[in-house]
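Enquirer:
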Amino acid sequence: MKTISVVSGKGGVGKTTISLAIAKTLSTKYKVGFIDADITGANAHLAMKMEKDIEVVGSKDDITVYPAVMSLDGRSIQFFSVSVFGDTYVKWNESKISDFCDVAFDKVKWDCDYLVIDTPPGLHAENLKVIERSDCVVLVTIPAKFAESDYIKTLGYLREISAKVAGVYVNFSYMKCECGRILRPFRYTFNYGVPVIEELPFTENVTLDYEKLMNAINNPVTLKRDTTMHKVKEAFISKMIEVIGRA
Amino acid sequence: MPKVEKLIDGLLKLQDAILEKEKDMIQEFEVNKAVGNVAQIEVYDDKENYSVRLKLDENLRIVKTDEEPMHLIRMHVDTLVDLILGERGGRPFDFGRAYAEGHIEFMGIDYHLHAMKMAKAWEKAFYRIRKYLR
Chain A
23 MKTISVVSGK
33 GGVGKTTISL
43 AIAKTLSTKY
53 KVGFIDADIT
63 GANAHLAMKM
73 EKDIEVVGSK
83 DDITVYPAVM
93 SLDGRSIQFF
103 SVSVFGDTYV
113 KWNESKISDF
123 CDVAFDKVKW
133 DCDYLVIDTP
143 PGLHAENLKV
153 IERSDCVVLV
163 TIPAKFAESD
173 YIKTLGYLRE
183 ISAKVAGVYV
193 NFSYMKCECG
203 RILRPFRYTF
213 NYGVPVIEEL
223 PFTENVTLDY
233 EKLMNAINNP
243 VTLKRDTTMH
253 KVKEAFISKM
263 IEVIGRA
Chain B
1185 MPKVEKLIDG
1195 LLKLQDAILE
1205 KEKDMIQEFE
1215 VNKAVGNVAQ
1225 IEVYDDKENY
1235 SVRLKLDENL
1245 RIVKTDEEPM
1255 HLIRMHVDTL
1265 VDLILGERGG
1275 RPFDFGRAYA
1285 EGHIEFMGID
1295 YHLHAMKMAK
1305 AWEKAFYRIR
1315 KYLR
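Which chain is which? The protein sequence lines are A and B, in order. Per my numbering: the first sequence = residues 23 to 269. Per my numbering: the second sequence = residues 1185 to 1318.
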């Protein structure tokens, strides 16, 4: 099973929509599982129809959870989310949220080829844990000025942990007018060394290019720490030792 | 007798009276795997903390027991009352919502799993009483 985390530092860029689109695209050829790891803002279940409820079996310290099975545009997807407790707000502390993510990874019996994880915006404890346990990360952003700062922070963290990044989906990139003209409401461009998988239009139902997605997740780029400062420090230390030696 | 103890005893008596009178209501619920799991229920208010061991029998009837609990469920008395009424803040209130919103705590190993497994079972038992009260 290969785990794919869908990540964005900024909220409202369409992470859930793209996570669902990735799950749907992969489900054309593979068995797919889906974790809604946005514990305090879970809403992916709203796009699906329940086929089979979650099942919890066993007792005491030997409990296993079988994921729910949801229908996503007619395709069966294994699913796990805090929505198992109902469609309400979640008021848990960080440790409880983190424990719930552990349940999703360690206790749920997944039977799939790909596990897509919709993470919350920002870099909270729960999504850091999820990202670190993923095989690859798919970034989502929008080509707007305010998205850049969050994007840079996210990349900084991904470089720190040498994450494997499949690429970035640039959402809300353009609109197609009825007359055929392509309109680009945001003209900002940034990617900072991360390959763009696809530029996506303003639309409710996102459809992804299967080949581009597969190519990206099969050939992720390993982000490396910026070593420039490290080299500067090393040169400084060598110089100091040299000066001290001469004194 | 503490107020909370009176409330739980009253709840159990009411439940038994309902089941005596409406025997067929038992059939509405399939007996699930959560039956027999013992929980230490701790209900507190501003003055006291009352603890009782309860489990669900094969008819999803809430019964007192001396068996060792598998987990601890802790809640404020207001939460217990709202769970009996099935409403809080003008919205339906059940064990799942109470757990997500942090009004009840499941404590012990694998507490989330116990919550997932048991919240629905306890909810069924409470629903039966609630339905009759309406």
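A virtual CB, placed ideally from N, CA and C, is assigned to each residue, including glycine. As the structure is a computational prediction, the values presented were derived from the model and not from experiment.
1) Sorted by chain position, which residues of the same chain lie with C-beta nearer than 8 Å to glutamate 1212 of chain B's C-beta, five sequence neighbours on each side aside?
2) Just to confirm, are aspartate 1229 of chain B and arginine 1237 of chain B a CB contact at a threshold of 9 Å?
3) If you measure between the beta carbons of valine 130 of chain A and phenylalanine 102 of chain A, is that distance less than 9 Å?
4) Flag glycine 108 of chain A as yes if its beta-carbon sits less than 9 Å from any beta-carbon of chain B, otherwise no.
5) Hey, how far is the Cα of leucine 284 of chain A from the Cα of threonine 38 of chain A?
6) Thinking isoleucine 40 of chain A and asparagine 193 of chain A are a contact (beta carbons under 8 Å), I'd like their distance in whole angstroms, please.
7) State the Cα-Cα distance for the pair proline 207 of chain A and glutamate 264 of chain A, rounded to the nearest angstrom.
8) Give the secondary structure of serine 156 of chain A by DSSP, where H, G and I count as helix, E and B as strand, and everything else as coil.
9) Find the residues of chain A that neighbour tyrosine 1311 of chain B, judging by a C-beta separation of less than 9 Å, and give them in chain order.
10) Can you pull out the residues from the stretch 1285 to 1305 of chain B whose beta carbon lies closer than 8 Å to at least one beta carbon of chain A?
11) What span of residues does the alpha helix (DSSP H) with tyrosine 1316 of chain B cover, start to end?
12) With the cut-off set at 9 Å, would you say glycine 274 of chain A and methionine 23 of chain A are in Cβ contact?
13) Taking the C-alpha atoms as reference points, what is the distance between glycine 68 of chain A and isoleucine 119 of chain A?
14) Is the Cβ of phenylalanine 208 of chain A closer than 9 Å to any Cβ of chain B?
15) Contact criterion: CB-CB distance below 9 Å. Does aspartate 60 of chain A meet it with respect to chain B?
16) Using three-state DSSP, classify aspartate 60 of chain A as helix, strand or coil.
17) Looking only at its chain, what residues have a beta carbon closer than 7 Å to the beta carbon of aspartate 266 of chain A, apart from the 5 residues adjacent to it on each side?
18) Taking DSSP as the reference, what is the three-state secondary structure of serine 98 of chain A?
19) Say whether chain B places a C-beta atom closer than 9 Å to the C-beta of isoleucine 266 of chain A.
Expert: Quick look at the numbers:
1) Low confidence applies to glutamate 1212 of chain B: its pLDDT is 49, below 50, so where it sits in the model is not reliable enough to give any reading.
2) No; because the gap between Cβ atoms is not below 9 Å, this pair is not in contact.
3) Their beta carbons are under 9 Å apart, which means valine 130 of chain A touches phenylalanine 102 of chain A by this criterion.
4) Yes, because at least one Cβ of chain B sits closer than 9 Å to the Cβ of glycine 108 of chain A.
5) The shown model of chain A, from 23 to 269, leaves out residue 284 of chain A, and the question about it has no answer.
6) At roughly 7 Å, the Cβ-Cβ gap stays under 8 Å, so isoleucine 40 of chain A and asparagine 193 of chain A are in contact.
7) C-alpha of proline 207 of chain A to C-alpha of glutamate 264 of chain A: approximately 57 Å in a straight line.
8) Here serine 156 of chain A carries a coil assignment [DSSP, helix/strand/coil].
9) For tyrosine 1311 of chain B, there are no neighbours in chain A by C-beta distance under 9 Å, as the nearest C-beta there is about 14 Å away.
10) Taking 8 Å as the upper bound on Cβ-Cβ separation, chain A lies near residues Glu1285, Gly1286, Ile1293, Asp1294, Tyr1295, His1296, Leu1297, His1298, Ala1299, Met1300, Lys1301, Ala1303 of the stretch 1285 to 1305 of chain B.
11) Per DSSP, tyrosine 1316 of chain B is one residue of the alpha helix (DSSP H) stretching across 1295 to 1317.
12) This structure cannot speak to residue 274 of chain A, because chain A is shown only from 23 to 269.
13) Inspection of the sequence shows that residue 68 of chain A is occupied by leucine rather than by glycine. When rounded, the distance between both Cα atoms is 21 Å.
14) Cβ-Cβ to chain B under 9 Å: no for phenylalanine 208 of chain A.
15) It does not: the Cβ of aspartate 60 of chain A has no partner Cβ on chain B nearer than 9 Å.
16) Coil.
17) Note on identity: in this sequence residue 266 of chain A is isoleucine, with aspartate being the wrong assignment. Contacts found: none.
18) Residue state, collapsed to three classes: strand.
19) For isoleucine 266 of chain A, the nearest beta carbon of chain B is not closer than 9 Å to its own beta carbon.
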